[in-house]
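For what it's worth, numbering that gives the first Met the number 0 labels the leading residue of the sequence shown as 0, then goes sequentially. Cβ coordinates follow ideal geometry from the N, Cα and C atoms, glycine included. Have a look at the structure below, then the notes.
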Amino acid sequence: MKTYHIRTVRGGSSLQGIIKVPGDKSISHRSLIIGSIAEGETNIEGFLYSEDPLSTADCLRKLGVCIPDIKEGQPFTIKGLGLDGFKEPKEILNCGNSGTTMRLLIGLLAGQKGKNFVLTGDNSLNERPMGRVSKPLSQMGGGIYGRENGTKAPISITGNKLKGCVIGTPVASAQVKSAILLAGLNASGTTSVIEPASSRDHTERMLKAFGADIKIRGELGRNIVIKSGTNLKGQNILIPGDISSAAFWMIAASIVPKSEIVVENVGLNPTRTGILNVMDEMGCDYKILKKSTIAGEPLGTINIKYVSNLKPFKIEGDILPKLIDEIPILTVAACFCNGISEIKDAKELRVKETDRLKVMARQLKKFGANILENEDGLIITGGSKFNSAEVDSETDHRVSMSLAIAALLAKGSTNIKRAEASKVSYPTFWDDLEKLIN
Ligand code: S3P
């Protein structure tokens with residue numbers, strides 16, 4: 000039986016110090032997946048040693064990829080099998096809580112001719128929408144079956160010869176785009192994906208670095224075209240820190256009085272930095288130092304200081320995919336802005352690890368927050384005084400960490416139930432919080 004942990008956070012302390020956040024989750028998954036279909040060795044440094052990417056490693060091992068026992072903080076080497084070298088596994092592939100693992104693997108395996116695969120996940124993942132990948136992949140000739148007409152896991156895949164297609168995705172989702180591009184590597188001819196707005200582009204950057212024939216076209220790079228027939232070559236990958244993990248400290252330093260935090264090694268890929276635009280709108284005091292580029296991904300160090308009188312903000316439209324994982328912590332930020340903030344066009348939040356609009360509203364109200372939940376977003380009136388509360392992550396990693404930051408601003412001690420959910424993306428979060436508390 001799973002054991003649940005309660006963490007207690009005392010309000011009233013400020014945060015001071017230097018933090019190096021763990022590796023980017025999206026890039027960590029992709030380093031394993033793309034490395035596994037390349038020829039030769041891929042060396043990986045800065046990998047995120049947390050539950051989600053470890054689920055990807057576990058599934059790939061079952062598919063015959065030689066991945067060593069990964070140790071926290073240690074570089075490692077994997078040996079790729081080429082584009083169609085996976086073996087048919089004897090076991091079910093368990094993707095745990097990880098949507099990225101399941102959706103990218105469905106794309107990867109759909110074109111493994113004559114082999115069969117079964118994928119499952121935890122209770123949360125098995126309720127998340129998979130039709131968004133099974134539908135376009137079926138259009139390419141994929142044999143993807145599952146509960147509720149192929150839209151929910153457990154999913155079974157019969158690898159087929161795929162044909163290249165032009166696919167317009169109804170949602171701006173990097174997981175959907177990546178699944179189609181990975182399938183395109185094993186399809187005949189050319190596969191083209193057109194997104195309604197640009198989502199994170201780590202797959203495109205990494206495929207290009209591994210030698211794939213991939214082109215970014217169209218207005219704002221929303222059309223990605225991949226041609227099959229080119230073998231990928233193993234590479235050296237250095238993974239920057241995850242801006243989605245850094246976000247907790249960027250917001251904490253901005254809203255907790257007398258705080259100043261330096262976050263080192265933060266990935267600054269422009270498809271991920273929507274939070275900086277919102278922080279600009281809020282009037283946050285931050286500086287980006289030591290900018291550089293590693294393995295095709297920009298990064299820098301961010302220095303953030305508390306400011307009083309933060310301004311409210313509005314999030315809507317095409318910026319959503321650029322800050323999709325930061326909505327929970329930005330909801331906390333809005334509670335401490337001077338006025339009414341609004342988050343719109345954010346229906347996607349309802350199909351994340353939890354329904355993050357509902358869960359954040361429900362949990363923050365326990366502190367005394369003034370939040371109105373709409374069908375596609377939230378309206379948050381800042382300035383309520385937070386009292387200590389008994390809150391619950393409801394098993395969502397980003398909710399757990401957002402509630403911890405909110406608790407710093409509450410009067411008294413707050414208990415956070417199921418706080419261990421943070422292990423999905425940031426296993427050292429609670430140690431880092433302790434280090435920063437003054
Ligand atoms: C991810 C894409 C996003 C994001 C998730 C990671 C990825 O999901 O929310 O945490 O690595 O591709 P969607 O593609 O569903 O928006």
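Review point. With a cut-off of 8 Å, do at least 3 Cβ pairs link the segment 343-360 to the segment 261-274?
Key: no
Review point. Tell me the DSSP bridge mates of F116?
Key: I156
Exercise for review: Determine the contact status of F335 and I254, defining contact as a CB-CB distance below 8 Å.
Suggested key: yes
**Study point:** Residue closest to N93, alpha-carbon to alpha-carbon, out of S155, S13 and S227
**Key:** S155
Point to revise | Beta-carbon gap between L124 and Q174 smaller than 8 Å | key: no
Practice item. Could you tell me if I5 is buried or exposed, where buried requires 16 or more neighbouring beta carbons within 10 angstroms of its beta carbon? Key: exposed
**Study point:** Cβ neighbour criterion (16 or more within 10 Å) applied to T292
**Key:** exposed
Exercise for review: Mind reading off the beta-carbon distance from L161 to I225? Whole number of angstroms is fine, and I expect it under 8 Å.
Suggested key: Going by Cβ atoms, the distance from L161 to I225 rounds to 12 Å, so no, they are not a contact pair.
Point to revise | alpha helix (DSSP H) runs contained entirely in the segment 44-70, provided each spans 4 or more residues | key: 50-61
**Study point:** Every unbroken alpha helix (DSSP H) within the segment 339-386, with a cutoff of 4 residues, ordered by chain
**Key:** 355-364
Point to revise | I154: CB within 7 Å of a non-hydrogen atom of the ligand FMN | key: The model on display carries the ligand S3P but not the ligand FMN.
Practice item. Consult DSSP for V165 and reduce its assignment to one of helix, strand or coil. Key: strand
Practice item. Taking S49 as the reference, give the member of L435, E87, G295 and N96 with the closest Cα. Key: N96
Review point. In the DSSP assignment, what residue or residues form a beta bridge with V8?
Key: T413
Point to revise | Three-state class that DSSP yields for E218 in the structure shown | key: helix
Exercise for review: Indicate, with yes or no, if the ligand S3P has a heavy atom lying under 7 Å from the CB of Q234.
Suggested key: no
Practice item. Work out the CA separation of S12 and K289 for me, nearest whole Å. Key: 29 Å
Check your understanding: Near G140, which residues of its chain fall below 7 Å by C-beta distance, leaving aside the five closest residues on each side in sequence?
Key -> N159, K160, L161 and K162
Point to revise | I17 classed as buried or exposed, judged by whether at least 16 other C-beta atoms fall within 10 angstroms | key: exposed
**Study point:** Near the ligand S3P: L349 beta-carbon under 7 Å from a heavy atom
**Key:** Reading off the sequence shown, one finds Arg at residue 349, where the question assumed Leu. False, no ligand heavy atom lies under 7 Å from that Cβ.
Exercise for review: Tell me whether I472 sits in a helix, a strand or coil according to DSSP, three-state version.
Suggested key: Nothing in the structure corresponds to residue 472, since the chain is present only between 0 and 437.
Exercise for review: Please report how far the alpha carbon of S30 lies from the alpha carbon of G338, in whole angstroms.
Suggested key: 42 Å
Review point. Buried or exposed: R221, going by 16 or more other Cβ atoms within 10 Å of its Cβ?
Key: buried
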